[in-house]
Amino acid sequence: ACTAPAEAPAEEIAAAPEKLHNNITEAEIIEGWELLFDGQCMGNFRKYGDTVIGKAWVIEDEALHLDASNKEDWQVNGGGDIVYQDFDGSIREFENFHFKGEWKIGERGNSGIIYLIHEDTEQYPYCWMTGLEMQVLDNGTDSTEGHPDAAIQKHRAGDLYDINAAPEGAAKLAGEWNQFEIIVQDGHLTQILNGVVTVDRDLFDDQWRADVAASKFHEWAGFGTYTKGGIALQDHGDKVWYRNLKIKALASAAADAAEGSEINTIIGSDLD
590 ACTAPAEAPA
600 EEIAAAPEKL
610 HNNITEAEII
620 EGWELLFDGQ
630 CMGNFRKYGD
640 TVIGKAWVIE
650 DEALHLDASN
660 KEDWQVNGGG
670 DIVYQDFDGS
680 IREFENFHFK
690 GEWKIGERGN
700 SGIIYLIHED
710 TEQYPYCWMT
720 GLEMQVLDNG
730 TDSTEGHPDA
740 AIQKHRAGDL
750 YDINAAPEGA
760 AKLAGEWNQF
770 EIIVQDGHLT
780 QILNGVVTVD
790 RDLFDDQWRA
800 DVAASKFHEW
810 AGFGTYTKGG
820 IALQDHGDKV
830 WYRNLKIKAL
840 ASAAADAAEG
850 SEINTIIGSD
860 LD
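Heads up, the sequence shown is in the working numbering, so the first residue is 590 and it goes up one at a time.
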C-alpha cells in the first residue's frame, strides 16, 4: 500500500527520488507548503461524502487523472468529486490559504477546482452546493468548438464559476497544461491562471451576497457562506488531469499586523 505524502515525515518527502513533477523541497516544507499528490499515491484524496476514492480516478504520467471512458449521466461511473482529506479521513479545512498547481483538460471537457467546501451530504449532496469553483474548461478557439459552457460568460476557464468572468485569453488550449493559483486571505479572493489575475474580490460582504443571489447558486442557502472549508477536484464527466498540487495555510494579515504593532509598542516602551 502506498503512503500518502501528508502522512510521511518532512525529511522523507524532501529526500524522495527526484521526479519530473509533484516535487516539494525542504525549503517549501519549512515555509508551510503541503504536497497534495506525489504522482504515485492518491491516498490524500477520497470521494466527497465517502471514505475512498473512485476507481475512475487514476494516475497517468505523474498526474491525477479522471478516466471518463465510462461516463454515466453528467459524471463518470466510479468517479465523483474528490476532496483533500486529513489523517483521520475528515475533510482537510483551510480558512486563509494559497493553493496552486496545474491542470489539463481534454477536448470539449469540463471540470473545476472547488474550495471553501462544507461537507454535509444530507443537506448538500454535491460539494459545489457550498464551495466556490475556479472553472476548468476547454474554451475552444475560432476553429475548434470547445465545451458548450465556453459560450456562457462566467462559465469559462479561470472564471469564478457563475459569479465573476475572467479576462479573455488567459487559458491555454485543450491538452495543454495551465498553471493556477487560488489565494484566500481575510475574506479576500484572488484567482490566477497562467500568471493572469482572473478574479480579485472580497467575499462574504453585501456585494458578495448580492452576486450570489443573482447566480444559479441562490438555490442553496449554504453556498459561499463558509469562511473555512475543504478543497475538491470536480468530476464533470470529462477527461481532466491535475499535478503539482500544493497548498499553504496562511496567517491572517490583520492578525499579523496587530502582532507587529504590539511588538513595536513593546520595543518602543523598552527604549523609553
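All residues carry an ideal CB built from backbone N, CA and C; glycine is no exception.
When burial is assigned at 16 or more other CB atoms within 10 Å of the CB, is residue i buried or exposed?
| i | result |
| --- | --- |
| Phe676 | exposed |
| Gly678 | exposed |
| Thr710 | exposed |
| His641 | Looking at the sequence provided, one finds Val at residue 641 rather than His. Its Cβ having fewer than 16 others within 10 Å, Val641 is exposed. |
| His807 | exposed |
| Gln664 | buried |
| Gly747 | buried |
| Asn685 | buried |
| Ile741 | exposed |
| Thr719 | buried |
| Gly764 | exposed |
| Ala810 | exposed |
| Asp731 | exposed |
| Glu649 | exposed |
| Ile619 | exposed |
| Asn866 | The chain is shown from 590 up to 861; residue 866 falls before or after that span and cannot be answered. |
| Asn728 | buried |
| Gly621 | exposed |
| Glu722 | buried |
| Asp738 | buried |
In the DSSP assignment, what are the bridge partners of residue i?
| i | result |
| --- | --- |
| Glu623 | Ile836 |
| Tyr704 | Leu721 and Ile820 |
| Tyr831 | Leu653 and Trp692 |
| Leu792 | BP columns for Leu792 are empty, so no partner. |
| Arg635 | Val672 |
| His687 | Ile772 and Lys837 |
| Leu762 | None, per the DSSP bridge assignment. |
| His777 | Gln774 and Asp791 |
| Asn767 | Trp692 |
| Ile680 | Gln674 |
| Ile648 | Leu653 |
Helix or strand or just coil, what does DSSP make of residue i?
| i | result |
| --- | --- |
| His610 | coil |
| Lys660 | strand |
| His736 | coil |
| Ile618 | helix |
| His807 | helix |
| Val785 | strand |
| Val665 | strand |
| Val641 | coil |
| Pro594 | Residue confidence for Pro594 is low, a pLDDT of 48 falling below 50, so the modelled location carries little weight; the figure read from the coordinates is stated next. It is helical. |
* To do: Would you check if there are 3 or more beta carbon pairs closer than 8 Å linking the region 819–830 to the region 609–617?
  => In the pairwise beta carbon analysis, the region 819–830 is classified as not touching the region 609–617: fewer than three pairs are separated by under 8 Å.
* Inspect the CB distances between the region 746–765 and the region 785–800 and report whether three or more fall short of 8 Å. => yes
* Asked: Would the region 690–701 and the region 772–781 be scored as touching if the rule is three or more Cβ pairs under 8 Å?
  -> no
* Asked: With contact counted as at least three CB pairs below 8 Å, one residue from each stretch, are the region 703–720 and the region 624–635 in contact?
  -> Three or more Cβ pairs closer than 8 Å define a contact, and the region 703–720 falls short of that threshold against the region 624–635.
* Asked: Just checking, does the region 825–841 make contact with the region 653–666 on the three C-beta pairs under 8 Å criterion?
  -> yes
* **At least three beta-carbon pairs within less than 8 Å, the region 830–837 to the region 616–627** => yes
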